[in-house]
Amino acid sequence: MDPVKLQLCELWWSPSFLLQPEMTKCRDSSIETNDLYIRELKSNPSDLLSLGLQTESLLHNEGWWNGPSVLQSDELPETVCECSDPDEDYLPELKSKNSKDDIVLTLSSNKTFFDYIVNRSNRILTVLRILSFLFRFISNCRNPESKRKGSLTSEELTEAEHYLIKQCQFEVFSAEVTAMISGDNISNKSKILNLSPFLDNKGVMRVGGRLENSQLPYSGKHPIILPSKCKLIEMIVRYYHEKYFHLGPQHLLFQIRQKYWPIHGRNVCRKIVHNCVVCFKVKPKEHSQKMGNLPKERITPDKVFSSTGIDLCGPFLIKNKYQRKGPEIKVYVCIFICLVTKAIHLEIISDLTSQSLIATFKRFISRRGKCHKIFSDNGSNMVGANRALRDLNKLVRDRNESLYAFFAEENIEWSFIPPTSPNWGGLWEANIKAFKYHFKRVAGNSKFSYEELLTLTTQIEAILNSRPLRLSAYRQFLPQLNSLVGLPAQRNFTATKLFSCDGCAYMRFLISFDSPFLDALAVFSRTAHALGAPK
12 MDPVKLQLCE
22 LWWSPSFLLQ
32 PEMTKCRDSS
42 IETNDLYIRE
52 LKSNPSDLLS
62 LGLQTESLLH
72 NEGWWNGPSV
82 LQSDELPETV
92 CECSDPDEDY
102 LPELKSKNSK
112 DDIVLTLSSN
122 KTFFDYIVNR
132 SNRILTVLRI
142 LSFLFRFISN
152 CRNPESKRKG
162 SLTSEELTEA
172 EHYLIKQCQF
182 EVFSAEVTAM
192 ISGDNISNKS
202 KILNLSPFLD
212 NKGVMRVGGR
222 LENSQLPYSG
232 KHPIILPSKC
242 KLIEMIVRYY
252 HEKYFHLGPQ
262 HLLFQIRQKY
272 WPIHGRNVCR
282 KIVHNCVVCF
292 KVKPKEHSQK
302 MGNLPKERIT
312 PDKVFSSTGI
322 DLCGPFLIKN
332 KYQRKGPEIK
342 VYVCIFICLV
352 TKAIHLEIIS
362 DLTSQSLIAT
372 FKRFISRRGK
382 CHKIFSDNGS
392 NMVGANRALR
402 DLNKLVRDRN
412 ESLYAFFAEE
422 NIEWSFIPPT
432 SPNWGGLWEA
442 NIKAFKYHFK
452 RVAGNSKFSY
462 EELLTLTTQI
472 EAILNSRPLR
482 LSAYRQFLPQ
492 LNSLVGLPAQ
502 RNFTATKLFS
512 CDGCAYMRFL
522 ISFDSPFLDA
532 LAVFSRTAHA
542 LGAPK
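Those letters in the sequence shown? Residues 12 to 546, by the working numbering.
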């Protein structure tokens with residue numbers, strides 16, 4: 012006969028009275044009844060003390076040291092009987108709460124490591140940091156001699172980003188990636204066939220395109236292909252949306268395509284902007300009217316800021332950065348906008364006097380060049396500044412003839428729109444709205460010092476001047492605004508090409524001004540019929 016089988020069961024009791032019966036029932040049911048036998052009580056060595064045996068007698072007791080004799084024999088005696096099924100009255104945990112049989116369901120998850128990492132957070136930087144620290148831990152375990160410590164480096168974040176991108180691409184474009192790895196052609200039914208994809212030295216799939224000989228950076232010539240239905244692309248678009256002060260869908264897609272090429276990117280950007288809580292709270296309701304004809308200064312090619320519109324917005328409250336509590340000072344932002352290219356220049360003005368406006372205007376022409384014609388509303392400070400310029404011109408004419416000739420050749424004509432008609436200055440009003448669009452989302456109710464407000468204003472100016480000249484997020488022949496206003500482009504030029512950069516940008520602007528740019532201006536962008544007055 013087989014030797015007696017003993018099974019030890021250690022129970023981990025739960026403090027909950029609801030889980031304890033289920034735990035006991037599961038453990039008791041796992042013990043087979045064939046492994047249990049009944050033996051007389053006198054054969055139990057642990058019962059010797061309860062029968063009155065002294066401790067000195069235990070030294071020579073065979074049963075105490077070796078156990079019952081039945082355990083030492085190969086056969087069970089006839090007095091040993093098998094145990095029946097446990098009684099439910101003795102173990103109430105075995106009682107079923109209802110008459111139905113218990114059903115055990117086994118759930119299996121198909122989530123991969125990529126899904127687990129991406130779902131850890133809604134911010135791409137947080138996910139990259141988690142994955143970077145995980146890769147660092149693996150590297151330190153493999154190479155304990157050269158452990159990496161301290162803050163994460165850009166190489167570690169880039170490695171984590173490439174890993175996530177490759178996993179995302181393989182899940183959606185597995186057939187294309189497998190074909191490119193094996194050296195075969197991708198299927199003609201592939202959605203990315205027109206992008207001419209290829210794998211770089213890191214294994215990341217990029218756009219092939221036809222821009223290999225261009226002066227764009229490598230990420231601009233060959234953007235990374237990303238699918239549309241993936242949480243990774245949503246986190247990347249949301250990161251760019253917040254980084255560039257809550258851009259709109261069109262400008263947001265233009266910035267993203269400098270490095271990535273999302274499939275159906277316009278729909279993805281519109282979805283992110285539409286679901287943005289900050290943008291939803293500050294979005295105003297507009298009442299549009301029929302648009303009028305454009306003035307000749309808007310549709311005639313000319314030098315940047317040759318025809319300029321001026322307006323003020325504010326006030327904005329600033330504080331002294333060396334005082335926690337102190338008086339707040341009102342300042343304003345003066346916007347200069349080119350009527351031809353819509354390039355802008357922002358200056359901070361201390362008050363609404365004519366002297367402050369003249370000083371601001373002098374700083375503007377020193378940086379952007381002389382203006383030939385200026386348009387503004389009919390504010391008292393604007394009229395006073397124009398009168399002061401006329402008095403200055405008259406003073407110079409009476410005292411010095413040579414200086415008068417200089418002012419006569421480069422005289423500035425100042426035009427005012429009709430009083431109480433801000434719709435005549437829709438161009439600078441729209442750009443003030445664009446400035447406040449970014450300012451409200453970043454500043455909120457914060458109080459800045461003068462240096463902080465100046466820094467924020469300059470950053471917003473750079474973002475607005477990085478807009479494409481035409482309303483298109485695709486590859487375009489017209490340059491960006493920053494190349495027209497004299498800002499350095501974000502490219503690496505040789506010494507020879509650097510001298511002709513600004514001239515080439517201006518020539519491309521003149522060549523393309525008459526056809527696609529004017530065609531875009533000819534169409535009514537809002538409404539082509541008159542609406543009633545708002546009620």
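The beta carbon of each residue, even a glycine, is placed where N, CA and C say it ideally should be. All values reported here derive from a predicted model rather than from experimental measurement.
Using the three-state DSSP reduction, which class does Ser193 fall into: helix, strand or coil? Counted from its first residue, the sequence shown places residue 193 at position 182. Reduced to three states, the DSSP call for Ser193 is helix.
Restricting to Cα atoms, I'd like to know which of Pro234, Lys200, Ala473 and Gly161 is closest to Glu358. Indexing the sequence shown from 1 puts residue 358 at position 347. If we check each option's Cα against that of Glu358, Ala473 comes out closest.
Phe256 versus Cys152 - alpha carbon distance: Taking the first residue of the sequence shown as 1, we reach residue 256 at position 245. Taking the first residue of the sequence shown as 1, we reach residue 152 at position 141. Taking the straight line joining both Cα atoms gives about 41 Å.
Cβ pair count under 8 Å reaching 3, the segment 149-163 against the segment 262-276: no
Where does Trp439 land, buried or exposed, given buried means 16+ other C-beta within 10 angstroms? For the purposes of this step, residue 439 is taken as residue 428 along the sequence shown, with counting starting at 1. Under this definition Trp439 is a buried residue.
Start and end residues, alpha helix (DSSP H) containing Ile255: For the purposes of this step, residue 255 is taken as residue 244 along the sequence shown, with counting starting at 1. The residue you asked about is not Ile; residue 255 is Tyr in the sequence shown. Counting along the chain, Tyr255 falls outside any alpha helix (DSSP H), and DSSP gives it neither H nor E.
Indicate whether Met246 and Ile135 have their beta-carbon atoms separated by less than 7 Å. To locate residue 246, count along the sequence shown from 1; it is residue 235. To locate residue 135, count along the sequence shown from 1; it is residue 124. Against a cut-off of 7 Å, the Cβ pair of Ile135 and Met246 comes out as a contact.
Rounded C-alpha distance that separates Glu463 from Lys330: Numbered from 1 along the sequence shown, position 452 holds the residue referred to as residue 463. Numbered from 1 along the sequence shown, position 319 holds the residue referred to as residue 330. Cα-Cα distance, rounded: 10 Å.
Using a Cβ-Cβ cutoff of less than 6 Å, which residues in the same chain neighbour Gly74 once the five nearest sequence positions on both sides are dropped? Indexing the sequence shown from 1 puts residue 74 at position 63. Closer than 6 Å at the Cβ level, and outside the excluded window around Gly74, lie Pro56.
Excluding the 5 residues flanking Cys382 on each side, which residues of the same chain have their C-beta closer than 7 Å to its C-beta? Counted from its first residue, the sequence shown places residue 382 at position 371. Closer than 7 Å at the Cβ level, and outside the excluded window around Cys382, lie Phe316, Ser317, Thr319, Ile376 and Ile423.
Neighbourhood of Arg452 by C-beta, 8 Å cutoff - its chain only, sequence neighbours within 5 removed: Position 441 of the sequence shown, counted from the first residue, corresponds to residue 452. Taken in chain order, the residues that qualify are Phe256, His257, Val289, Cys290 and Val293.
For Ser207, is the classification buried or exposed, using 16 other Cβ atoms within 10 angstroms of its Cβ as the cut-off for buried? Counting from 1 along the sequence shown, the entry for residue 207 is found at position 196. Exposed: under 16 other Cβ atoms inside 10 Å.
Would you kindly work out how many angstroms separate the C-alpha atoms of Ser387 and Asp322, rounded to a whole number? If you number the sequence shown from 1, residue 387 lands on position 376. If you number the sequence shown from 1, residue 322 lands on position 311. Between Ser387 and Asp322, the C-alpha separation is close to 6 Å.
DSSP-derived helix/strand/coil call for Cys287: The residue given as residue 287 occupies position 276 in the sequence shown. Correct three-state label for Cys287: coil.
CB-CB under 6 Å to Leu69, same chain, minus the five flanking residues each way: which ones, in chain order? For the purposes of this step, residue 69 is taken as residue 58 along the sequence shown, with counting starting at 1. Correct list, in chain order: Trp75.
Among Lys332, Gly437 and Asn476, which residue has its Cα nearest to the Cα of Tyr461? As a first step, residue 461 must be located in the sequence shown, where it is residue number 450. Tyr461 has its Cα closest to that of Lys332, out of Lys332, Gly437 and Asn476.
Let me make sure I understand the geometry here. Which of Phe450, Leu59 and His173 has the alpha-carbon closest to that of Ser143? Locating residue 143 in the sequence shown gives position 132, counting from the first residue. Residue His173 is the option with its Cα nearest to Ser143.
Taking the CB atoms as reference points, tell me whether Arg379 and His356 lie closer together than 7 Å. Against the sequence shown, residue 379 aligns to sequence position 368. Against the sequence shown, residue 356 aligns to sequence position 345. It is a contact, given that the beta carbons lie within the stated cut-off.
Excluding five sequence neighbours on each side, which residues of the same chain lie with their C-beta closer than 6 Å to the C-beta of Ser132? Here residue 132 refers to the residue found at position 121 of the sequence shown. So the qualifying residues of the chain are Val138.
Would you please state the rounded distance, in angstroms, between the beta carbons of Phe148 and Glu170? I believe it to be under 8 Å. Here residue 148 refers to the residue found at position 137 when the sequence shown is read from its first residue. Here residue 170 refers to the residue found at position 159 when the sequence shown is read from its first residue. About 13 Å separates the two Cβ atoms, so there is no contact after all.
Which whole runs of the beta strand (DSSP E) in the segment 228-253 are 3 residues long or more, in chain order? 235-237
Which word fits Gln180, buried or exposed, when buried means at least 16 other C-beta atoms lie within 10 angstroms of its C-beta? As a first step, residue 180 must be located in the sequence shown, where it is residue number 169. Buried, because 16 or more other Cβ atoms sit within 10 Å of the Cβ of Gln180.
As assigned by DSSP and simplified to three states, the class of Arg221: The sequence position of residue 221 within the sequence shown is 210, counting from 1. Three-state result, Arg221: coil.
Quick one: residues in its chain with C-beta nearer than 6 Å to the C-beta of Asn389, no 5 flanking neighbours on either side, listed in chain order? The sequence position of residue 389 within the sequence shown is 378, counting from 1. Phe427 and Pro430.
Closer than 7 Å by C-beta to Gln178: which residues in its own chain qualify, once you throw out the five before and the five after it? Chain order, please. The residue given as residue 178 occupies position 167 in the sequence shown. Within the same chain, Gln178 has close Cβ partners Phe125.
Helix, strand or coil at Ser162 [DSSP, three-state]: Residue mapping note: residue 162 aligns to position 151 of the sequence shown, counting from 1. In this structure, Ser162 counts as coil in the three-state DSSP scheme.
Among the candidates Pro238, Tyr343, Cys349 and Ile348, whose CA atom is the shortest distance from the CA of Ser367? Counting from one through the sequence shown, the residue named residue 367 turns up at place 356. The option with the nearest alpha carbon to Ser367 is Tyr343.
Please report the distance separating the alpha-carbon of Tyr229 from that of Val215. Numbered from 1 along the sequence shown, position 218 holds the residue referred to as residue 229. Numbered from 1 along the sequence shown, position 204 holds the residue referred to as residue 215. Distance between the alpha carbons of Tyr229 and Val215: 13 Å.
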